[in-house]
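Residue numbers (our numbering): 19 to 191.
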Ligand SMILES: CC(C)(COP(=O)(O)OP(=O)(O)OC[C@H]1O[C@@H](n2cnc3c(N)ncnc32)[C@H](O)[C@@H]1OP(=O)(O)O)[C@@H](O)C(=O)NCCC(=O)NCCS
């Protein structure tokens with residue numbers, strides 16, 4: 019387990035899939051994400067099977083007082099250039115906006131730099147996802163650039179912001 023100040027990150031178990039499936043089909047939770055199609059349980063199970071034992075993707079369950087409230091992961095881990103892309107979803111609505119996302123991100127970033135010996139963590143966030151933007155800024159991520167009109171959602175195009183944090187910057191924080 020990876021221990022944070024307020025959350026614990028643990029391995030994602032097969033039994034967790036039902037929660038993941040519920041969250042990934044909740045329009046309020048996924049409104050800031052790329053996906054738009056409803057996800058079947060079968061697809062979710064396939065995603066889980068594929069991710070197990072894959073060295074390039076590491077997913078964790080986020081727990082608060084033994085309750086599974088969301089997932090966090092590092093995707094596309096590049097072991098040569100020592101970087102990875104961060105993804106996070108706090109799926110239990112009662113736990114949103116209470117600092118758990120911030121703690122989960124700081125915890126995985128610390129783990130990535132101190133234990134996995136990564137050098138850079140990057141991510142992309144759509145410009146309208148103000149809560150996520152604020153959360154990443156609080157964790158020390160800096161804007162690298164903006165990709166114009168990357169996402170079509172609700173009748174218009176939205177920009178994507180690319181952000182990153184380097185190991186040296188995290189240690190400064
Ligand atoms: C993005 C996410 C991980 C953030 O985690 P969280 O636990 O909800 O957020 P936190 O409470 O840690 O921090 C949110 C911050 O944003 C602020 N915030 C919330 N809504 C905001 C808004 N509309 N505009 C600006 N700031 C906002 C909060 O006040 C808080 O800052 P503060 O601590 O200085 O007050 C979580 O909301 C989530 O998983 N959302 C659904 C999936 C998603 O969008 N994932 C990210 C994809 S890039």
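Backbone N, C-alpha and C fix where the C-beta goes; we use that ideal spot for every residue, glycine too.
Q) Under a Cβ-count criterion, where at least 16 other Cβ atoms within 10 Å of its own Cβ denotes burial, should residue 170 be classed as buried or exposed? A) exposed
Q | Helix, strand or coil at residue 110 according to DSSP, with G and I counted as helix | A | coil
Q) When the Cβ atoms of the segment 57-65 are set against those of the segment 128-148, are three or more pairs found closer than 8 Å? A) no
Q) What residues match up with residue 85 in a beta bridge as DSSP calls it? A) 82
Q | Anticipated Cβ contact below 8 Å, residue 95 with residue 76, distance rounded | A | Going by Cβ atoms, the distance from residue 95 to residue 76 rounds to 7 Å, so yes, they are a contact pair.
Q.
Under 7 Å: does the beta carbon of residue 132 sit that close to some heavy atom of ligand 1?
A. no
(Q) Quick check: the Cα distance between residue 112 and residue 45, rounded to an integer number of angstroms? (A) 15 Å
Q: Report the rounded CA-to-CA distance for residue 137 versus residue 22, giving the unit in angstroms.
A: 20 Å
(Q) Restricting to Cα atoms, I'd like to know which of 65, 115 and 103 is closest to residue 181. (A) 103
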